[in-house]
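Residue numbers (our numbering): 247 to 401.
Spelled out as structure tokens, the structure:
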């Protein structure tokens with residue numbers, strides 16, 4: 247939750263009166279003091295979560311009761327893992343953990359160009375980001391396959 251998108255997701259949830267667990271590799275939420283008066287922080291909690299570790303993802307999601315949704319807004323960075331570890335495997339780990347824990351919603355914050363591999367923006371981001379767009383689409387395709395499984399559809 248310590249990136250720009252994560253901060254906005256946390257801020258919106260709290261401003262809407264929803265409880266929110268901000269996760270990050272460190273377990274801290276760097277923006278808690280800068281949310282402003284309009285955003286109450288009494289429903290904010292934090293947990294450490296490295297999305298590149300399947301067992302940690304399972305543990306955090308399984309051991310958090312009454313989750314209504316999980317927002318996956320992580321992306322590769324120089325500090326937190328490469329594109330295939332975060333954007334592909336991390337999103338798959340999140341989906342599997344949500345399915346196993348019967349979390350009703352998984353929201354994946356991705357990129358608008360991920361489904362347009364012929365676009366100039368996709369090609370640029372994929373080159374500069376060391377395969378990030380390719381990793382994103384592979385992860386998202388696998389998530390779709392997981393949720394399309396008959397055992398999940400029957401739930």
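Positions of the beta carbon are idealized from the N, C-alpha and C atoms, including for glycine.
Secondary structure in the segment 334-379: the beta strand (DSSP E) runs of 3 residues or longer, each lying completely within the stretch, are 352-354 in chain order. Per DSSP, the continuous alpha helix (DSSP H) segment holding residue 258 begins and ends at 250-261. By the criterion of at least three beta-carbon pairs nearer than 8 Å, the segment 345-364 is not in contact with the segment 285-297.
Residue 334 counts as buried, since no fewer than 16 other beta carbons sit within 10 angstroms of its beta carbon.
Under the DSSP definition of a beta bridge, residue 317 partners with 353. Beta-bridge partners assigned by DSSP to residue 293: 269. DSSP lists 327 as the beta-bridge partner residues of residue 323. At least 8 Å separates the beta-carbon of residue 252 from that of residue 298. Here residue 286 has 260 as same chain residues with Cβ atoms under 7 Å from its own Cβ, once five neighbours each way along the sequence are excluded.
Counting only the Cα atoms, residue 355 lies some 19 Å from residue 369.
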